[in-house]
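Presented below is the structure to which this report refers.
There are 2 protein chains.
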Amino acid sequence: MTDAVGMRSGQLAAAAGVNPQTLRYYERRGLLPEPRRTAGGHRLYPPQAVTLLHVIKAAQRLGFTLEEVAELLQARGHRRHAAGLSERARAKLAEVEARIADLTVIADTLRTALAAGCDDLITCAGEPRCPLPLP
Amino acid sequence: MTDAVGMRSGQLAAAAGVNPQTLRYYERRGLLPEPRRTAGGHRLYPPQAVTLLHVIKAAQRLGFTLEEVAELLQARGHRRHAAGLSERARAKLAEVEARIADLTVIADTLRTALAAGCDDLITCAGEPRCPLPLP
DNA sequence: TTGCATCCGGTACCTGGGTACAGGCTTACC
DNA sequence: GGTAAGCCTGTACCCAGGTACCGGATGCAA
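One line per chain: the protein sequences are A and B, in this order. When we follow our numbering, the leftmost residue of the first sequence carries the number 607, and every step to the right adds one. When we follow our numbering, the leftmost residue of the second sequence carries the number 607, and every step to the right adds one.
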């Protein structure tokens, strides 16, 4: 009966490895539900909030923006609208693969430039065998 | 004698495929040298400015920040201090390769999550075979 | 009950790469 | 010489993901 008191924002922030300000920020962004309050207005979080923050951070590490994470969390329950997690994960995977392809081209160009041994941007751009991706 | 008049900012911007405001922004950031002016104070760019802008855009596409591009351009001539282009390109290549490695891990995780077929973040996080990168 | 840590809301600031707007000047063409 | 397009400076705003600061209120222990 009395063990449902909950955590203060500082405790939750420490437990989740997050700045206390970030909790209020996430609340504004719709990532954290509004928690109960003490009589004086201080937030009281349930223990599951730690897990929720871990999930948010994990999704972020997978490349989802905070807005996308908020949608993923809000889509729970009423799956009438809103794409499911797997559909969004598929889309995100495509994005990540495209980004990898971009970066691979960039890395190849950098290696070519290194092999060409050019050591000055402007003079290099003037020479015909300059590998810089000029338009 | 009279062909050295130069380009107006709007002409240069159009020739380089850039917003006119961006020219002033680059000037403030030290990427474009301050050009000559008409008697009335309007900027007059030399024709090489187009090439310079192309070089800036190319370096940006290779992953250099504007600050790094500014340093690369300023390092020209007095190569006493400041790393040469090749040294910086090597460092940038390492950065890009590291980023590719990160994204590859992310893509693998997304594929694993898709294969596991989990369709809800919170319930998935509660199950032991959840592939989410929880801390 | 006093003292100190913590928390509150609101607002401003940060990075990076620009873009937009306001109010006034210059230039170019007819 | 009139008019319109273009340019000038300065300032504010945009995106994301937070972080910092302020003055005041609360919570908790001695």
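C-beta: ideal position from N, C-alpha, C; glycine also.
- Under the Cβ criterion of 8 Å, Val-661 of chain B is counted among the residues facing chain A.
- Of the other Cβ atoms in all chains shown, fewer than 16 fall within 10 Å of the Cβ of Ile-728 of chain A; this residue is therefore exposed.
- Here Lys-663 of chain A is near Pro-741 of chain B, since their CB atoms are less than 8 Å apart.
- In the structure shown, Arg-649 of chain B falls within a strand segment according to DSSP collapsed to helix, strand and coil.
- Counting other Cβ atoms within 10 Å of its Cβ, Gly-646 of chain A stays below 16 and is therefore classed as exposed.
- Annotated three-state conformation of Arg-614 of chain B is coil, per DSSP.
- At a cut-off of 8 Å between beta-carbon atoms, Gly-723 of chain B makes contact with chain A.
- From the listed residues A:Glu-677, A:Asp-714, A:Gly-690 and A:Arg-735, the smallest Cα separation to Arg-667 of chain B is found for A:Asp-714.
- Here DSSP, grouped into helix, strand and coil, assigns Arg-705 of chain A to helix.
- In terms of CA proximity to Val-702 of chain B, A:Leu-709 leads the group A:Leu-709, A:Ala-620, A:Ala-622 and A:Lys-698.
- Around Gly-612 of chain A, the same chain offers Leu-650, Tyr-651 and Pro-652 as residues with beta carbons nearer than 6 Å, after the five sequence neighbours per side are excluded.
- The beta carbons of Ala-676 of chain B and Leu-637 of chain B sit closer together than 8 Å.
- In chain order, Pro-626, Leu-629 and Arg-649 place their CB closer than 6 Å to the CB of Ser-615 of chain B, counting only its own chain and leaving out the 5 sequence neighbours on each side.
- The beta-carbon distance between Leu-738 of chain B and Cys-730 of chain B, rounded to whole angstroms, is 6 Å. This is short enough to meet the 8 Å contact definition.
- Here the alpha carbons of Val-711 of chain B and Leu-658 of chain A stand approximately 23 Å from one another.
- Minimum Cα-Cα distance from Ala-722 of chain A among the listed residues B:Arg-717, B:Leu-691 and B:Cys-736 corresponds to B:Leu-691.
- At a cut-off of 8 Å, the C-beta of Ala-645 of chain A has no neighbouring C-beta in chain B.
- With 16 or more other Cβ atoms inside 10 Å of its own Cβ, Gly-669 of chain A counts as buried.
- Annotation for Ala-681 of chain B: no alpha helix (DSSP H) segment contains it, and DSSP assigns it neither H nor E.
- Residues of the same chain with a CB within less than 7 Å of the CB of Val-624 of chain B, apart from the 5 flanking positions on each side, are Leu-659 in chain order.
- Contact check for Leu-716 of chain A and Ala-695 of chain B: beta-carbon distance about 5 Å, within the 8 Å limit, so the pair qualifies.
- Between Glu-633 of chain A and the set A:Arg-705, A:Glu-673, A:Ala-620 and A:Lys-698, the nearest pair of CA atoms involves A:Glu-673.
- Residue nearest to Val-656 of chain A within the set A:Ala-619, A:Pro-641, A:Arg-643 and A:Asp-726 is A:Ala-619 (criterion: CA-CA distance).
- The closest CA to that of Gln-654 of chain B, considering only B:Cys-724, B:Thr-671, B:Ala-707 and B:Gln-617, is found on B:Gln-617.
- Separation of Glu-693 of chain A and Gln-680 of chain A (C-alpha to C-alpha, rounded to the nearest whole angstrom) is 15 Å.
- In the three-state reduction of the DSSP assignment, Arg-643 of chain A falls in the strand class.
- Against Pro-734 of chain B, chain A offers no close residue; the least beta-carbon distance is about 14 Å (beta-carbon pairs closer than 7 Å).
- Contact annotation for Pro-741 of chain A against chain B: Gly-623, His-660, Lys-663 and Ala-664 [CB-CB distance below 8 Å, chain order].
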